[in-house]
Each structure stands twice: as structure tokens, then as C-alpha cells.
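**Student:**
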Amino acid sequence: MENSRAVFGILRTPLIILTLGMLGCGTVLTDGTAQGPSGKAPLPANDRVISDHANKMVEEGRRIFRYDTFGSEAFWGDTLKLHQAIAGQKNGGVGPGLSPKAALAAGIKVDMDALPGALVQAIKAGKVDLEDPSTTLELLKLDAVVGIKGIFDEKKEKLTSLGLRCAACHSTVDNAFSPGIGHRLDGWPNRDLDVGTVISMAPETKPLTDLLGVDQETLLKVLKSWGPGKFDATVFMDGKAFRPDGKSAATLLPPAYGLAGVNLHTFEGWGSVTYWNAFVANLEMHGQGTFYDPRLNDAGQFPVAAKAGFGNVRNSPDLVTPKLAALHFYQLAIPAPKPPSGSFDEVAAERGEIVFNGKAKCAICHVPPLFTEPGWNMHTGAEIGIDDFQAHRGPDKRYRTTPLAGLWSRQKGGYYHDGRFQNLASVVDHYDQALNIALTQQEKIDLMEYLKSI
Ligand code: HEC
Ligand code: HEC
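This note's numbering puts the first residue of the sequence shown at 2, with every later residue one more than the last.
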């Protein structure tokens, strides 16, 4: 032992010199201004290639996430004619139209950064008619409506179609101007958006009734059952619109932030982020792309998907696949939002962290700092003390351990896949009973403060 330590002692100095020499070498290869790890030396050439690529991917991914429709206007506009209901008869469409006031009430958000200064002033002065659907058309022309793209004729007068974007459900705004109007918050779930009510405005619903094999009345009943902040992605696979207890089978719109490092995604763990991005762009938004998943050919579990051939979708040109890499990259780049200072009790949160990692055993599944399991992050309903209905709608028949960071920013709509627990207190009470933890009142409070802090 003594001898080997002595040998290492002798070797250590030359090793350090050698290592520093190798690091220094890299700087010789560069000519740019990018900074190396020391902050002084420029980045070696290949490192710069990677950093430049990362920046480009984030920019491109942001554009795709906010603005790309993946060709979905062929469905929502050209086929379902949703744009006609938005425009209203007065503007060449059908029915009363959708006023900005009604759009905001349905949870549709407006990006204030897309509004010209003069318009902002006019709105502030009360000179803009928020009851008039023509104003909605103006907002669409300015591309200020989050997640919805209006397509106009050449003269930019008539609304001729309408496409859907990821941002509709996975972005909101900070209400900086007024409720529903503000700066974009990409990745935050829009828990105000009433997706079912918006879809139910469509004048033409035959493609949806045909897909689900139901009549118009049933379709409307299903769409109306979702409510704000919810959507049922799986009903278009299995046709199950209601749970055994008769309540809607819709799930909450989940956040699209804090996803890096997390293995499986969606409440049922269908696949990775990019798996699900392709799934949703093709099968839910009805974009024009390519999608392959033979699990959907199982007519027993997924009768709707199997009949529609969702397990193997091929479109040419492919408007989805070329966008998947940057879209994936951008989503992984969105951090979970940090809680505002003062929004929780720091001392209690520190005690709560000890409960979370110790007595309450939360960290066994919600492993910090990811707050989900590295590996196969899936559990049966019994393991978390709930029913298996929603788990059984996914291929693995399990629930994915939700990554908890940013919990404070998604209180609206409740917690768990269907929002069954209205607040963190009921989540903690649920675990306390279901997993027999026997928490004291103080431990419960501390645990809640910790949950608000992550
Ligand atoms: C109509 C609303 C809606 C639109 C539009 C939408 N999503 Fe989603 N998204 C959902 C719902 C609902 C879920 C949860 C589905 C489930 O778990 O069964 C979800 C889940 C996800 C998840 C999984 C998050 C997690 O839990 O880890 C990602 C990632 C995602 N969507 C990305 C996208 C992208 C990218 C787009 C655009 C291509 C998109 N979504 C468009 C409603 C939507
Ligand atoms: C056996 C693994 C497991 C354990 C132990 C566990 N959880 Fe969970 N947790 C899950 C799964 C799976 C979900 C997703 C449930 C759903 O969406 O229906 C979840 C969901 C949650 C949610 C809801 C998140 C959201 O955005 O809706 C919270 C909050 C939560 N857990 C907190 C805790 C706390 C606190 C503890 C300890 C008392 C704990 N969990 C213990 C697996 C676990």
C-alpha cells in the first residue's frame, strides 16, 4: 500500500501537466470569438460547430413549436371548415363568428408581442371592438393568436383555411397586457383552453363522426364533456370517451417544459418526446407526415386507430418528419419554471425535502433532480393507489411517473392525469392513506411547501 501510494505521488505531477497541455492544444485550432471554458480561450473548432448547431436548433425548434401547422389546415380548415365558423357569416363564413371576447373566454391566448403599437394603444383606449369577429380576423392576420394559424386569400381579406400548432395546447401567456393577452410562455400547459368547445364549432364534423363511428349528437356530447384545460388524445385510438364511473375520459393538457432527461412521456408513457411529437402531429393534429407504430394495429385495444390505419401513416410530401429533430431539441431546452420568491415557506420546504426523500418515500419514484425514475419510469395504478382505467388505454398499461419540477405553475385543473386531486393537500393525503405513510400534520404541510418549491 505504502509503495503504491508513493508511485502515484510521483506520477501525479507529470499527469497534470500532460492533461493541461492537451486542453491547451484545442485553442490552436480556432479562429473565432467564441469563448472556451476558461472564458478567455476561444472554443476549439468542433466545439463551436456543436454550439452553433445547438443555437440553430433552438431557434428553428421554437419557430416550429410556435408557428408550424404540419399541413393540418387540410383537416381543420379545408375539411372541417372551422375557419368559416370563426369568420362568421358577415365575413364570408357561417354563423355568428368568434369574437375576441368569446375566443378569450374559450381560453385562446393572444401574443401581445405580435401586436403593432398603434393597435395596443387603440385596445387600451377602448377603441377596438372585442365583440366583433372581424377583430378576431385582424388578430389572425397579425399572427397574434397563439397556436392557431389563419390562412387568407391573396388580397389578405378572406379567411380561407385554418391550421393548428403545438403552441395552442402547450403555451400560454403571462397576461402582461390583460387576462389572456401577454408575452408567450412556451411549454406551460394552457389550462384555460376548452379544446372540445373550439372543435365543436366546426360546421363539418363527418370526418370525426366517421373516425369514431358515432353520430353527430354523441360527438358533441363527447367534445363538451372535456372542459377547460383538457383533451382526450386516446379517444381517437380506442373510442373510449367516458370512464367506467361515467365521467369524461379526457386528460389534462400536460406541460412541455422540464422534459430533458425524462425517459417516457405522456401520462401513459407512450414513448419518448420525439415519439409523441410525431404521434400528435400526425394523428391528433392531422398534419401530413409519416408515422409508424404497429402497436396501434391491435384492434382489441385500439379499434379506432386500427381501422383508420394509424399504425402506418405515409404522406408525400412529408410535412412532419423534417421538423422532428429541431422540435425535439427545443422542447428539451425548455426549463421547468422556477417558483417566484415568496410563493412558498423556505424553512418548511427544507424540512419537507427531508420528508420527501425519507419517511414519505416519494423520492423512490420521483428521483431528484429529475423527479421521475431514470430508466423505465412506469407504474401500475395499484402502486400509486388509483384505478387502472387510463393506464390501460396505453400500450404498457401503466402510468408514467410525472416529473414534478414546475408543479407550482400548473395548479389550475388539479393534479394527476385527470386532475382528480384539486390541490397538493389532497395529493399528499392520498399518498398518506394509499401508501400507509402515517405523516403528521406538520410533515404534510412541510411536504406541500417542498412541492411548491421545486
Ligand atoms: C389539442 C391539444 C394539443 C396539441 C395541439 C398538442 N398537444 Fe401535446 N399533449 C396534449 C395532451 C392532452 C397530452 C397528454 C396525452 C396523454 O398523456 O394521453 C399531450 C402530451 C404531450 C407531450 C408529453 C409531455 C409529458 O408528459 O412528458 C409532449 C412532449 C407533447 N404533448 C408535445 C406536443 C407537440 C410537440 C405538439 C405539436 C406537434 C403537441 N404536443 C400538440 C395536448 C396537445
Ligand atoms: C410508486 C411510485 C410513486 C411514488 C412512491 C410516489 N409517486 Fe407521485 N406519481 C407517480 C405516478 C406514476 C404519477 C402519475 C399519476 C397520474 O398522473 O395519474 C405521480 C404523480 C404525482 C403528482 C402529480 C403531478 C402532476 O403534475 O399532476 C404529484 C404532485 C406527486 N406524484 C407527488 C408525490 C409525492 C409527494 C409522493 C410521496 C408522498 C409521491 N408522489 C410518491 C408515482 C409515484
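Virtual Cβ for every residue (Gly too), placed ideally from N, Cα, C.
#1: In chain order, what residues of the same chain have a beta carbon less than 7 Å from the beta carbon of V305, not counting five sequence neighbours either side?
#2: How far does the beta strand (DSSP E) with G151 in it reach, from first residue to last?
#3: Give me the residue from N278, V274, P204 and I124 with the minimum Cα distance to S162.
#4: Hey, how far is the Cα of A337 from the Cα of G93?
#5: Does S162 come out as helix, strand or coil in the three-state DSSP assignment?
#6: Going along the chain, which residues of its own chain have a beta-carbon closer than 7 Å to the beta-carbon of R460, five neighbours each way excluded?
#7: Measure the C-alpha to C-alpha separation of G127 and L143 and round it to an integer number of angstroms.
#8: Short check: CB of A257 to CB of Q332, under 7 Å?
#9: Answer with buried or exposed for N437, where buried requires no fewer than 16 other C-beta atoms within 10 angstroms of its C-beta.
#10: Measuring alpha carbon to alpha carbon, tell me which residue in W271, V174, F311 and A392 is nearest A383.
#11: Note down the Cα distance separating G160 from T70, rounded to an integer number of angstroms.
#12: Closest to E347 by CA distance: which of M449, P117 and A145 is it?
#13: Does the Cβ of Y416 lie closer than 6 Å to at least one heavy atom of ligand 2?
#14: For the beta strand (DSSP E) containing S344, list its first residue and its last residue.
#15: Suppose you measure from the CA of V223 to the CA of P45; what does that come to, to the nearest Å?
#16: Does the beta carbon of H287 fall short of 6 Å from some heavy atom of ligand 1?
#17: Quick one: Cα of L265 to Cα of V274, how far?
#18: So, with DSSP's three-state summary, where would you put K57?
#19: Let me make sure I understand the geometry here. Which of L141, W277 and W377 has the alpha-carbon closest to that of A115?
#20: When you measure from the CB of L260 to every non-hydrogen atom of ligand 1, does any distance come out below 6 Å?
#21: In the structure shown, what three-state DSSP assignment does M379 receive?
#22: Rounded to a whole number of angstroms, what is the C-alpha to C-alpha distance between K156 and E354?
#23: Alpha carbon to alpha carbon, how far is K110 from D433? Give it in angstroms, no decimals.
#24: Does the Cβ-Cβ distance between G254 and C170 come in under 7 Å?
**Tutor:** By the coordinates alone:
#1: The residues are L212, L213, F237, M238, D239 and G240.
#2: Per DSSP, G151 belongs to the beta strand (DSSP E) from I149 to F153.
#3: For S162, the closest alpha carbon among the candidates N278, V274, P204 and I124 is that of P204.
#4: The alpha-carbon of A337 is positioned some 43 Å away from that of G93.
#5: In the three-state reduction of the DSSP assignment, S162 falls in the strand class, which pools E and B.
#6: Nothing about residue 460 can be reported from this structure: the residues present for the chain run from 2 to 455 only.
#7: One C-alpha to the other measures close to 19 Å.
#8: Yes, these two residues count as a Cβ contact at 7 Å.
#9: Result: exposed.
#10: Closest by alpha carbon: A392.
#11: Going by the sequence as given, residue 160 is Leu instead of Gly. Spanning the two alpha carbons is a distance of roughly 16 Å.
#12: Here the closest residue by C-alpha is M449.
#13: Taking the Cβ of Y416 as the reference point, at least one heavy atom of ligand 2 falls within a distance shorter than 6 Å.
#14: Here S344 belongs to no beta strand (DSSP E), and DSSP marks it neither H nor E.
#15: Each residue's CA atom was taken as its position, placing V223 and P45 some 57 Å apart.
#16: No, ligand 1 has no heavy atom inside 6 Å of this Cβ.
#17: The alpha-carbon atoms of L265 and V274 are separated by roughly 7 Å.
#18: Judged by DSSP in its simplified three-state form, K57 adopts helix.
#19: Among L141, W277 and W377, the Cα nearest to that of A115 is on L141.
#20: The answer is yes for L260.
#21: If DSSP states are grouped into helix, strand and coil, M379 belongs with the strands.
#22: The straight-line gap from Cα to Cα measures roughly 60 Å.
#23: CA-CA distance, D433 to K110, rounds to 38 Å.
#24: According to the sequence provided, residue 254 is Leu. The question's Gly does not apply to it. In this structure, L254 sits near C170, with a CB-CB distance shorter than 7 Å.
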